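What follows is one structure encoded as structure tokens, with my remarks underneath.
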Amino acid sequence: MGVPERLYTLKEACLLLGLHPRTIQKWDKQGKIRVVRTLGGRRRIPESEIRRLQGERGIRSIIGYARVSSPTQRDDLERQVEYLRQRGVQEVVTDIGSGLNEKRRGFLRLLDRVLHNEVDKVVVLYEDRLTRFGFDTLQRVFEAHGTTIEVLNHVEIKSPQQELVEDLVTIISHFSGRMYGMRSRKHREVVKRAEELFAQT
122 MGVPERLYTL KEACLLLGLH PRTIQKWDKQ GKIRVVRTLG GRRRIPESEI RRLQGERGIR
182 SIIGYARVSS PTQRDDLERQ VEYLRQRGVQ EVVTDIGSGL NEKRRGFLRL LDRVLHNEVD
242 KVVVLYEDRL TRFGFDTLQR VFEAHGTTIE VLNHVEIKSP QQELVEDLVT IISHFSGRMY
302 GMRSRKHREV VKRAEELFAQ T
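First residue of the sequence shown? That's 122 in our numbering, and the numbers climb one at a time after it.
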């Protein structure tokens, strides 16, 4: 089952497309834009339709990206999103997962849009929100597609201990899995001992 497509309110669509609400309402009546109606009859515009119209109008998006490592940090995630919106970023992609995880859904969706030359700028609070390692390489890939990365806070921060521990366990699990096999008993023992060791710190 795929991830449900995001639906934007009329106000959000207007900000992303640079249009007046009446224009979207008119296009809806003329069949020029695909909308979804809520149970209350309000218009919602699918993300794919926003992207289609941006492409036709030559609009490249400015997208914010926010991430935390675990569900227990949702409050921090909301603070990141709110701060980005206060800086004028209308569209924000979020993830809950380690910065070492290259299969984060939000990150992959963002990367796909960059590779399709749809993004003018990506805005983050800190470099490590996008990736734990290889930021310079990622930046070069983005720049090759005309996308800049704006880091709002260049001061290096000390990540929460829990996040650092999770990243270390992820690294150990990765190499242990390659040495002993991901399903082997030895691998499970190594990961368990690592978790127990870091739990004592």
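Using N, Cα and C, we set each Cβ at its ideal position, and we do this for glycine too. The structure presented is a predicted model; accordingly, all values stated were derived computationally and were not measured.
Only buried fits Ser-219, as 16 or more other CB atoms lie within 10 angstroms of its CB.
With a cut-off of 8 Å on Cβ pairs, the stretch 188-197 is in contact with the stretch 208-217, counting three or more such pairs.
Using a Cβ-Cβ distance cut-off of 8 Å, the stretch 232-244 and the stretch 296-305 are not in contact, since fewer than three pairs of beta carbons, one from each stretch, lie closer than that value.
In the three-state reduction of the DSSP assignment, Ser-182 falls in the strand class, which pools E and B.
Uninterrupted beta strand (DSSP E) stretches at least 3 residues long and entirely within the stretch 156-212 occur at 164-167, 182-189, given in chain order.
Setting aside the 5 residues that flank it on each side, Ile-154 is surrounded in the same chain by Ile-145, Trp-148, Ile-166, Glu-170, Leu-174, each with a C-beta closer than 8 Å to its C-beta; the list follows chain order. Thr-269 carries a strand assignment under DSSP once its states are collapsed to helix, strand and coil. Here Glu-271 has Lys-242, Val-243, Val-244, Val-245 as same chain residues with Cβ atoms under 8 Å from its own Cβ, once five neighbours each way along the sequence are excluded. With fewer than 16 neighbouring CB atoms inside 10 Å of its own CB, Leu-318 falls in the exposed class. By the neighbour-count criterion, in which a residue is buried when 16 or more other Cβ atoms sit within 10 angstroms of its Cβ, Arg-253 is buried. Distance check between Asp-249 and each of Glu-223, Gly-267, Arg-230 places Glu-223 closest, using alpha-carbon atoms only. Lys-242 carries a strand assignment under DSSP once its states are collapsed to helix, strand and coil. Residues of the same chain with a CB within less than 8 Å of the CB of Thr-269, apart from the 5 flanking positions on each side, are Asp-241, Lys-242, Val-243, Phe-263 in chain order. For Tyr-129, the pairing in a beta bridge is given by DSSP as Ile-166.
Beyond the five residues adjoining it in sequence on each side, Ser-297 comes within less than 7 Å, by CB distance, of His-308, Val-311, Val-312 in the same chain, given in chain order. The alpha-carbon separation between Gly-152 and Pro-125 amounts to approximately 23 Å. Shown here for Cys-135: same chain residues with a beta carbon closer than 7 Å to its own, the five before and five after excluded, namely His-141, Pro-142, Ile-145 in chain order. Boundaries of the alpha helix (DSSP H) harbouring Glu-248: 248-251, taken from the DSSP string.
Here the C-alpha atom of Gln-260 lies approximately 25 Å from the C-alpha atom of Asp-197.
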